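Working notes, beginning with the structure itself.
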Amino acid sequence: MSEKSNMSRRSFLKATGGAASASVITGTAAGQETTTQEDGDGGASGTLNLINTGTMSTLDPIKATDTASGRVIQQMFDALMNYPDGAIEVQTQLAKGYERSDDFTTYTFNLKQGAQFHGDFGEVTAQDFIYSWERLAASDNSRRAYFILDSIGVQHETDSEGNYKPGTLAVEAVDDYTLRVSLEEPFHATLPILAYTSFAALPEGVVGDIQGYDGEMQYQTFATENPVGAGPFQFETWQSNDQAEVSRFPNYHGQTAQVEAVNWRIIEDDNAIYTYAMNRNADYFPIPTPFYDPNKVTVENTDDKGRETGTYGPVRNGATVNYLGVATINAFYIGFNTAQVDKPARQAAAYVMNQQQVIEQIFKGRGQAAYHFTPPNIYPGGPDAYTQHAEQNYPYGYNQTQIQQARQVMEDAGYGPNNQYEFTFTIYSGSDTWNQTAQLLRDQLASAHISMNIESAPFSTLLQRGREGNLQAYSLGWVMDWPAPDNFLQLLNPPQTDTSKDAPISYVNWSGTQAAKQATQAYQKVQNNTAPTDEAEQARNEAYIQIEEANWEDVVFLPVYHETDERFWYQNVDISKFGAAGPSRQMYNTTSIN
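The sequence shown begins at 861 in my numbering and counts up by one.
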């Protein structure tokens, strides 16, 4: 969820003396050489009807930073690797296999032969990946340049100001079906990050937003009217704030889609979402929390990954529907602009916030109380270590509301009944649960000499204001790009939180304190230990906890909850369970309508 910068963060942080940026944890596919794709006859019929609960912004894989756009992009664009059904164990997709050098700095991918782009754009070759990744690094439309320049750290050159020098990525087409990638240093999660759709293949020259290409079509046409990928579905329509639809691509290189089309109705209002689903207009859908009753869930099975399946109902239309609940990798939080909200007020908010109360009373148990920004399922040592560290060390009361401590910290700062501190908390529009959370926080802080105002803003507006440093406190969530603590904790790397810079990854302006220094040094330790070795992993794990504890000290992010993703569907749908990467990473070519 970051904006684009052509500056390598390694170069930027070397120039400024700050810590380096994100790297990621090893995926379980390391060492796999091949994966098998089965052909299907594509003979099934019907449209899979879904609900997209957010506003879509683009269909360009390198520009999309929102989940709503990503859900549709995932169906149309294939990459070298993939999270099958949203599982975090990556498999090959457009790659047939790969080799890795002994020093972990060179990856050679063998591409599938015969994989076709949509339309008349022909076969996918290594040159298409070179073009696509150059767009990721160099295009003004890219908001994920740091993925390739920094997170993976593909070798490249920079200019005197540290900006990426176009055309210098160390990505080579050995031949039409062999792609060689050279990294600046060993990186412990190359394959998982390559499963992200920002790395998907586009036809070479389809748009002309990088040097050397005029473009087969105008950029806006590609991003809104004619996106071209090599996925199992091809684009049909996108009507902003109304609907989007893709149709079966009969020449797909893998399993041909079992449905003719997938349609998403774009709905953000909770009541409208529920009504649309209850009228059986959606086959597979969420149930907004205001309409959710945990007593209607019957769990019949829990698999070895902790995914719960069963039934839910009866719902409003009398049906009993299928149920799936998955503890996906995410964190939802309150962010504080430290340049505008003083530390005592941030600490007071942490003292009064009882995360367990919020989960039970507002979110109806649909998740887990958050005390770290790193989700439990990727926390060093796992969920038990997460809980133990929080129970023993969280300084603001584990499963407690501590109004007296909040009042005391504000009085120590000089505030009182006739001298109240004031700040504004901005939540994204349409979220009834965040509105209730904000009201609870406001009422509790009123007893601690704080007047907290609540305002709402459309999601895109909130992000833009955040990038501009024009928020005091805000509600947001982070859903994994890849399954790693540092994919989350990069948001708490102080040099990347400066809203005066081109591309802040979070909007908190964290600097100038001992805790900020601790977090910066800890993230540098992460960056200095990127190798896929046990020793380096141990060093990273120690640094992750140091960052979490630094955040506790300054309350830059106030973690609130880790969401359990739940989906419901009628009996006519046959769909696989999604994994911890979440439903937005699931592809629907194996789904069928009976």
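Backbone N, C-alpha and C define an ideal beta-carbon position, used for all residues, glycine too.
Every value quoted in this text rests on a predicted model; they were computed, and no experiment measured them.
Check your understanding: For Leu940, which residues of its own chain have a beta-carbon under 6 Å away from its beta-carbon, when the five flanking residues on both sides are left out?
Key -> Setting aside the 5 residues that flank it on each side, Leu940 is surrounded in the same chain by Leu954, Ala955, Phe969, Leu1054, each with a C-beta closer than 6 Å to its C-beta; the list follows chain order.
Review point. At what residue ranges does the segment 975 to 1015 contain a whole run of the alpha helix (DSSP H), taking only runs of 4 or more?
Key: Given a length threshold of 4 residues, each whole run of the alpha helix (DSSP H) inside the segment 975 to 1015 is given here in chain order: 986 to 998.
Point to revise | With 16 other Cβ atoms within 10 Å as the buried cut-off, status of Gly1013 | key: Looking at its Cβ environment, which holds 16 or more other Cβ atoms inside 10 Å, Gly1013 is buried.
Check your understanding: Under the three-state reduction of DSSP, which class applies to Glu1395: helix, strand or coil?
Key -> Glu1395 falls in the helix class under three-state DSSP.
Point to revise | Met1447 versus Gln934: straight-line alpha-carbon distance, rounded | key: Approximately 7 Å, taken between the alpha carbons.
Check your understanding: Enumerated in chain order, which unbroken segments of the beta strand (DSSP E) with a length of 3 residues or greater are wholly contained in the segment 1131 to 1204?
Key -> Here the runs fully enclosed are 1157 to 1162, 1168 to 1172, 1181 to 1187, 1190 to 1196.
Review point. Whole-angstrom Cβ separation of Ala1273 and Tyr1211, contact assumed at under 8 Å?
Key: So it is not a contact: roughly 13 Å between Cβ atoms.
Review point. Quick one: Cα of Gly1439 to Cα of Tyr1281, how far?
Key: Each residue's alpha carbon lies about 44 Å from the other.
Exercise for review: For Glu994, count neighbouring C-beta atoms within 10 Å of its own C-beta (all shown protein chains included) and say buried if the count is 16 or more, exposed if not.
Suggested key: Residue burial is scored here from C-beta neighbours: Glu994 has at least 16 other C-beta atoms within 10 angstroms and is therefore classed as buried.
Review point. What first and last residue would you give for the alpha helix (DSSP H) that runs through Val1386?
Key: Following the DSSP letters along the chain, one finds Val1386 inside the alpha helix (DSSP H) bounded by residues 1374 to 1387.
Check your understanding: Counting along the chain, where does the beta strand (DSSP E) carrying Asn1295 start and finish?
Key -> Going by DSSP, Asn1295 is part of no beta strand (DSSP E) but of the alpha helix (DSSP H) stretching over 1292 to 1305.
Check your understanding: What residues match up with Ser1316 in a beta bridge as DSSP calls it?
Key -> Checking the DSSP bridge columns, you'll see Ser1316 partnered with Ile1287.
Point to revise | Buried versus exposed, by CB contacts within 10 Å (16 or more), Asp1394 | key: Exposed: under 16 other Cβ atoms inside 10 Å.
Check your understanding: Nearest to Lys1025 by alpha carbon, out of Phe1007, Ala1033, His1016, Glu1032?
Key -> Answer by Cα proximity: His1016.
Point to revise | Own chain residues within Cβ distance below 8 Å of Gln1078, not counting five before or after | key: Leaving aside the five residues that flank Gln1078 on each side, the residues in its chain whose CB is nearer than 8 Å to its CB run, in chain order, Val1067.
Point to revise | Opening and closing residue of the alpha helix (DSSP H) in which Asn1347 lies | key: Where Asn1347 is concerned, the enclosing alpha helix (DSSP H) stretches over 1345 to 1349.
Check your understanding: Does the count of Cβ pairs from the segment 977 to 995 and the segment 1079 to 1095 closer than 8 Å reach three?
Key -> Contact holds between the segment 977 to 995 and the segment 1079 to 1095, because three or more Cβ pairs, one in each stretch, are under 8 Å apart.
Review point. Can you give the beta carbon distance from Asp1130 to Asp1010, rounded, assuming they're within the 8 Å contact cut?
Key: The Cβ separation is near 38 Å, so there is no contact.
Practice item. Report the rounded CA-to-CA distance for Ala1410 versus Leu1300, giving the unit in angstroms. Key: Near 26 Å, if we compare the C-alpha coordinates of Leu1300 and Ala1410.
Review point. Considering only residues of the same chain and omitting the five flanking positions on each side of Lys923, which have a CB-CB separation below 6 Å?
Key: Taking C-beta separations shorter than 6 Å and ignoring five residues to either side along the sequence, the partners of Lys923 in its chain run Asn1001, Arg1003, following chain order.
Practice item. Please state if the CB of Trp1338 and the CB of Thr1351 are separated by a distance shorter than 8 Å. Key: At residue 1351 the sequence reads Leu, which differs from the Thr that was named. For Leu1351 and Trp1338, yes; Cβs fall inside 8 Å.
Check your understanding: At which residues does the alpha helix (DSSP H) containing Gly930 begin and terminate?
Key -> From DSSP, the alpha helix (DSSP H) with Gly930 extends over 927 to 936.
Review point. If you draw a straight line from the alpha carbon of Phe1319 to that of Arg1325, how long is it in whole angstroms?
Key: Between Phe1319 and Arg1325, the C-alpha separation is close to 10 Å.
Check your understanding: Taking the Cβ atom as the reference point for each residue, do Tyr1256 and Gln1262 lie within a distance shorter than 8 Å?
Key -> The answer is yes: Cβ separation under 8 Å.
Practice item. Rank Phe1007, Gly982, Val1416 by C-alpha distance to the C-alpha of Pro1063 and give the top, closest one. Key: With distances taken between Cα atoms, Pro1063 lies closest to Gly982.
Review point. Out of Thr1198, Ser1444, Lys1224, Ala1230, which has the shortest C-alpha to C-alpha gap to Met1213?
Key: Checked all of Thr1198, Ser1444, Lys1224, Ala1230; the closest Cα to Met1213 is Ala1230.
Check your understanding: Under the rule that 16 or more other beta-carbon atoms within 10 Å means buried, what is Asp1163, buried or exposed?
Key -> Exposed: under 16 other Cβ atoms inside 10 Å.
Point to revise | Residues near Ala1441 in its chain [Cβ-Cβ closer than 8 Å; skip 5 each side] | key: The answer, listed in chain order, is Tyr943, Gly946, Ala947, Ile948, Thr1188, Ile1189, Met1340, Pro1343.
Review point. Quick one: what's got a C-beta closer than 7 Å to Asp1036's C-beta in the same chain, skipping five residues either side?
Key: Around Asp1036: Thr985, Ala986.
Check your understanding: For Pro1240, which of Asn1155, Ala1399, Gly1185 has the nearest alpha-carbon?
Key -> Comparing alpha carbon positions, the residue from Asn1155, Ala1399, Gly1185 closest to Pro1240 is Ala1399.
**Study point:** DSSP state of Ser917 mapped onto helix, strand, coil
**Key:** In the three-state DSSP reduction, Ser917 falls in the coil class, being neither helix nor strand.
Check your understanding: Taking Cβ positions, are Ser1452 and Val1106 nearer each other than 8 Å?
Key -> Taking 8 Å as the cut-off, the Cβ atoms of Ser1452 and Val1106 do not count as close.
Practice item. Have a look at Asn1123, Gln1115, Phe1082 and flag the residue whose alpha-carbon is nearest the alpha-carbon of Asp1102. Key: Ranked by Cα distance from Asp1102, the first of Asn1123, Gln1115, Phe1082 is Asn1123.
Review point. Smallest Cα separation from Gly1290: which of Asp1019, Pro1148, Asp1434?
Key: It is Pro1148.
**Study point:** Where Glu1160 falls, given that 16 or more other Cβ within 10 Å makes a residue buried
**Key:** Glu1160 comes out exposed.
Exercise for review: For Ala1104, write down the residues that DSSP places opposite it in a beta bridge.
Suggested key: The partner list for Ala1104 (beta bridge, DSSP) reads Trp1098, Trp1124.
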